[in-house]
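Here the sequence shown is numbered in the numbering used here, starting from 5 and rising by one per residue. Beta carbons: idealized from backbone N, C-alpha and C, even for Gly. The model shown is predicted, which means the values in this text are computed figures rather than measured ones.
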Amino acid sequence: MSQYIVARLRVEHRPDALGIQNASPRLSWCIEGDGAASQRAYEVRMTRADSSIEVARIERPEQILVRWPFAALNSREAVTVDVRVELTDGTVTSWSPSLTIEAGLLDASDWKAQFISPSLTAGHDAPRPAALMRTEFRSDDHVIKARLYATAHGIYSMTLNGVPVGDQELTPGWTSYGHRLRYQVYDVTQLIAVGDNAIGAQLADGWYRGRLGFHGGVWDNYGTHVALLAQLEFETADGTRSVVPITERWRFAPGPVLAAGLYDGETFDARLEPSGWDRAGFDDSGWQVPHLVEAPSQTARLEASVSPPVRVVEVLAPVTIQPASPGRVRVDFGQNIAGRLAIRVRGEAGHTVRLHHAEVLEHGELAVRPLRTAPSVDSYTLRGDPQGESWTPTFSIHGFRYAELENWPGTIGRDDVQALVMHTDMERTGWFDSSSPLLDRLHENVVWSMRGNFVDLPTDCPQRDERLGWTGDIQVFAPAATFLYDCAGLLDNWLQDLAAEQSADGHVPNFVPWIACGFPVESSAAWGDAATIVPWVLYERTGDAEVLQRQYISMARWVDHLAAMADGGLIRSGFQLGDWLDPAAPSDSPADGVTDKYLVANAYLVRSARIVAETARILGNLNDEARYRELATQTENAFRSEYVTSEGRLSNETVTSISLALTFDLLQVPADRAHAGERLAGLVAEGGYRVQTGFVGTPIVCDALVAAGAVDTAYRLLLEEACPSWLYPVTMGATTIWERWDSMLPDGSINPGEMTSFNHYAFGAVADFMHRVVAGLAPASLGYRTIRIAPKPGKVLRHASARLRTPYGVAESRWKRRDNDFTLDILIPIGTSAEIVLPDAGATVHHLEAGSHRLTCSLQDSASANRPTCSTELTAPNSP
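Right under this line is the structure:
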């Protein structure tokens, strides 16, 4: 009999279940085994703290985000759940490994502590110091369960009896603080001793009141004072649970962090750190009493995070260490990252080492001009420990590959400096491989750019004085992002801020959270369309309809906003970013590309109206469905009347405009589509197969070519190495995706434009094409319940593959060709099925169930009169 197990039991989109905010959390699991049976029914067993057990049996095949079958959890309540399933072949699995789920503080009344604020201020035009804060408490009995609930206006780090309470970084992260503030939950049971205990905290400006944005940035965006909120609760062996009264006992003092800014870096003087300050018994009689701040208002919700935290996820050793300019040592880590340095140094007390960061070198020196006004310099002054001392910043993060260590005492070895890679601790889910080393490196660069820019929210870049949640970037990149990593929690969190900051008339800021730092406040199509497209991508890739339910008002308001801008059925005026960074645009005016901005805006209006109409249908809002379908149809008709000539040609005929018309299905007459496809292929060829598109056209041009039947043209464009192209930066040694196609010129100098980043993921959106079309792995129904495998191999690559951990398990498409012989190996996880279309001259769809399969066919010239042969070979199914 086949053997199956239930694996990867999880809750919502979280990697853990400590301190969840949802009292009725949804569960998901995978089924692994050596057969092809699927789930018929499942049982969920819940064990409460008092050892009572409830079992719910549900006769349904769903195994992803299934409804909580028990009574809602109470605040702080912890239960253990496990699952077993009955399959269609009669097999009943054993119970899965258990998952402990613990609710957070679900009601505002659960918070007994108050915000406390130190009065450390050092002006408003320079990085300010971080405060040390401490409090003590006593436990007279053995603690069997203890939780610390904490958040801040600013960035905080905490210890209990000198031990860090967790490994999270940059807490509590960046949200729209006027609307939402996330708190963290720490299990500190093992850190509390019988007797006296101490809590230590450090508190710095962070995003709350630190410098944010370009053109010099703004200070105190959310408030003028940082503050900490910490509530400690524990249960003792006698069964007593109590909220420890620590609020009134807090004290604060200046500490060793003399200045800390996300852009500027951190200045740390180790001589100023009091020994034992975060341990019990320390004399804090000279420390000051912080101010009590009123409990958080109802307008700024306190809520547990739906996203994983930021962590140090990888440590890189130096590739090279060599002398640089006088007094400096240059370190190359071989990879552009977002993170920090960790150093180990020995020297005299008072000796200061400065750490300089940059992404690239120019003329043999650190290229700091692209950082604009972000110095990105950390400074450490030694305490003089003869055994040596180790340090890494706490309150800053940098984008860099290279570092120069200024004034390093003595010699430096490979173990004395490391690069700490930091980003939201997402699970990697997607991989790609091909016969082209350059294409594989391009894909790896996409991965690294996502890692560098998914630091709590999706940003544009991690290095300069910006680092903002640009809507247009994630709008085009969301399909690639959701394949590469499980980023549903991070994007869900960010979308809640988008909705919170959206105006009543539907205006969506061009970046979220919004900072008034000089960029136009008017919204732009393709940017604001993140309000509709990102939720829709999450729905398609995860099957989570709740994201549509939660975001629907925001989605509809955005489309209403666009429609209100229309004159005669079309948007004809107003602020638009258009095909941003079209390579034909002037370097100092990246919005002035060759494609009509209003054509772009109207194409997106059609697409978003269609998405909202379909969302309304899914949610059962039939009146809205009819209204938005009519809006989409009217705009589509007006689009054709305005932009399509009587001969069936686009009046503004560019690679981007044609790609929009084809991929957004704006040309209904078959002859018009055919002509557009021919013209697109012609324009690409006339351009020497170099990229002629910006943010809007680049993610879709290869898809448009394939839709037009020009598969080999798409490959020539994708694999072109001359600038501008996707592979040009790879040939120049790039390890991430560049903001501009020519961020670095062929002679090694940097593009003279003010806006030049070497870590921007937007142009990496082509990775989605590589997954779906080159390797051929895509969702055919929600959440990959049905998988479509339809590779388009072209004539250049000899093999390609994509591997994806779907919500149901691992799926894989792996093909290779030898002359005209084509072999496709696929893996389909249990609980799903697949539609397979081989790249022969026919269009036969093969329907296969879970397991490992091999399909082969003979590829022939499409002009040949001979029909290609195709066969299917079913091998023994493997466990996903």
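**Request:** Please report how far the alpha carbon of LEU320 lies from the alpha carbon of LEU424, in whole angstroms.
**Result:** Distance between the alpha carbons of LEU320 and LEU424 is about 6 Å.
Task: Length at least 4, wholly inside the region 458-545: the alpha helix (DSSP H) runs in chain order - done: 475-488, 492-505
Local conformation of PRO327 per DSSP, three classes | strand
| task | In the DSSP assignment, find the unbroken beta strand (DSSP E) run with VAL335 in it and report its ends. | result | 332-349
Name the DSSP bridge partner or partners of ASN201? According to DSSP, ASN201 bridges with PHE141.
Among residues of its own chain, excluding the 5 on either side of THR84, which ones have a beta-carbon nearer than 6 Å to its beta-carbon? Within the same chain, THR84 has close Cβ partners THR51, SER102, THR104.
Proximity to ASP477 [Cα-Cα], best of SER453, GLN326, ASP490, GLY354: SER453
Can you name the residues that DSSP bridges to GLY265? GLY269
| task | Let me know the secondary structure DSSP gives HIS219 once reduced to three states. | result | DSSP places HIS219 in coil when its eight states are reduced to three.
Helix, strand or coil for PHE767, going by three-state DSSP, please let me know. helix
Determine the burial state of ASN870: buried for a count of at least 16 other Cβ atoms within 10 Å of its Cβ, exposed for fewer. No answer about ASN870 holds up, because its pLDDT of 35 lies below 50 and its placement is not dependable.
_From the DSSP secondary-structure annotation, give me the bridge partner or partners of HIS447._
Bridge partners of HIS447: none, in fact.
request  = Give me the Cα-Cα distance between ARG61 and GLU90, rounded to the nearest whole angstrom.
outcome  = 10 Å
Give a yes or no on whether the minimum CB-CB distance between LEU236 and chain B is below 7 Å. The structure shown contains no chain B; it holds only a single protein chain.
Exercise for review: Whole angstroms is fine: what's the gap from ALA308's alpha carbon to PRO843's?
Suggested key: Answer to the nearest angstrom: the Cα atoms are 48 Å apart.
Query raised in the report: What are the partner residues of GLN638, as DSSP defines its beta bridges?
Result: BP columns for GLN638 are empty, so no partner.
Task: Three-pair Cβ contact test at 8 Å for the region 423-437 versus the region 482-499 - done: yes
Pull up the distance between the alpha-carbon of TRP115 and that of ASN225, whole angstroms please. 26 Å
* **Simplified DSSP state of ALA630, which is helix, strand or coil** => helix
Check your understanding: What's the gap between the Cα of ALA617 and the Cα of VAL96?
Key -> 41 Å
task = Locate the beta strand (DSSP E) running through CYS861, then write down its first and last residues.
result = 855-862
message = Report the CB separation of MET569 from THR536 in whole angstroms; it is logged as a contact under 8 Å.
response = 15 Å between Cβ atoms; not a contact.
If distances are taken between C-alpha atoms only, which option among ASP144, GLN292, ILE203 comes closest to GLY170? ILE203
(Q) Can you tell me which residues form a DSSP beta bridge with ARG286? (A) Correcting the residue type first, residue 286 is Phe in the shown sequence and not Arg. According to DSSP, PHE286 bridges with nothing at all.
> What are the boundary residues of the alpha helix (DSSP H) that HIS402 is part of?
Replying inline: Premise fails: HIS402 lies in the beta strand (DSSP E), 402-410, not in any alpha helix (DSSP H).
Q) Given 8 Å as the limit, is there contact between the region 147-157 and the region 185-192, that is, 3 or more CB pairs closer than that? A) Yes, the region 147-157 is in contact with the region 185-192.
Worksheet entry | Coarse secondary structure for GLU690, derived from DSSP in three states | helix
Taking the beta strand (DSSP E) that TYR190 belongs to, which residues open and close that run?
Secondary structure note for TYR190: its beta strand (DSSP E) is the uninterrupted segment 184-191.
- Is the number of C-beta pairs between the region 334-342 and the region 135-146 that are closer than 8 Å three or more? no
- Message: Please classify ARG822 as buried or exposed, where buried requires at least 16 neighbouring CB atoms within 10 angstroms.
- Response: exposed
Q.
According to DSSP, simplified to helix, strand and coil, what is LEU623?
A. Looking at LEU623 - three-state DSSP - the assignment turns out to be coil, as it is neither helix nor strand.
8 Å CB neighbourhood of ALA353 in its chain, flanking five on each side removed: Excluding sequence positions up to five before and after ALA353, its CB lies within less than 8 Å of the CB of ARG275, LEU386, ARG387, GLY388, all in the same chain and listed in chain order.
Cβ shell of ARG809 (< 6 Å), same chain only, five flanking positions each side left out
THR433
Subject >> Burial state of TYR8, where buried means 16 or more other Cβ atoms lie within 10 Å >> reply: It counts as buried.
message = Does the structure place the region 240-249 close enough to the region 343-363 that three or more beta carbon pairs sit under 8 Å?
response = no
- Query: What is the rounded straight-line gap between the Cα of HIS17 and the Cα of TYR788?
  - Reply: Rounded to whole angstroms, HIS17 to TYR788 spans 16 Å at the Cα level.
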